[in-house]
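In what follows, a single structure is set out as structure tokens and then discussed.
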Amino acid sequence: MDIAIAVILILVGVFFFLVEFFLVPGISIAGIAGFLFVGAGIYYYYSQLGTTAGNISIAGSVVLLAVTVWIFLRRKTLERIGLKAKIDSNIGTVEELDIKVGDRGIALSRLAPIGKVKVKG
Numbered sequence: 007m008d009i010a011i012a013v014i015l016i017l018v019g020v021f022f023f024l025v026e027f028f029l030v031p032g033i034s035i036a037g038i039a040g041f042l043f044v045g046a047g048i049y050y051y052y053s054q055l056g057t058t059a060g061n062i063s064i065a066g067s068v069v070l071l072a073v074t075v076w077i078f079l080r081r082k083t084l085e086r087i088g089l090k091a092k093i094d095s096n097i098g099t100v101e102e103l104d105i106k107v108g109d110r111g112i113a114l115s116r117l118a119p120i121g122k123v124k125v126k127g
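Counting from 1 along the sequence shown, just add 6 to a position and that's the residue number in our numbering.
Put into structure tokens, the structure is as follows:
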């Protein structure tokens, strides 16, 4: 029963890591939950089954995560959930807008890191 609890914790953690990698990029609740579940599973192995089992669980968790990510990338899972439309429009260049260095304008929104500005008019 001890092994089943630890395995379930690690599998749930790997699931949350996959959600983090493929569906919700960035540091989010899924990534933190994945880290906590895998950590809890490994801790459980160390505390209940000993050092050797804990070391094996770390190696197994890393291999399981790597193999799972490799399978997801190989099966082209990202192509099914990713954007397929091509964007062929643009917003214009500075030359088209007739804006030169030194022109003065008014900030219409906060400019960090991007924003809107009104120049010449």
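Where is the CB? At the ideal position from N, CA and C, for every residue including glycine.
Around Ser-63, the same chain offers Ile-48, Tyr-51 as residues with beta carbons nearer than 6 Å, after the five sequence neighbours per side are excluded. Val-18: not part of any beta strand (DSSP E); member of the alpha helix (DSSP H) spanning 8–28, first to last residue. In summary, Leu-15 is buried, with 16 or more beta-carbon neighbours lying within 10 Å of its beta-carbon over all protein chains present. Short of 6 Å from the beta carbon of Val-125, and not among the five residues preceding or following it, lie these beta carbons of its own chain, in chain order: Ile-105, Asp-109, Gly-111. CA-to-CA, the gap between Gly-66 and Leu-114 works out to about 54 Å.
Secondary-structure assignment with DSSP links Ala-113 through a beta bridge to Val-123. Restricting attention to Pro-119, Ile-11, Lys-82, the CA atom closest to the CA of Val-44 is found in Ile-11. Rounded to the nearest whole angstrom, the C-alpha separation of Thr-57 and Leu-17 is 20 Å.
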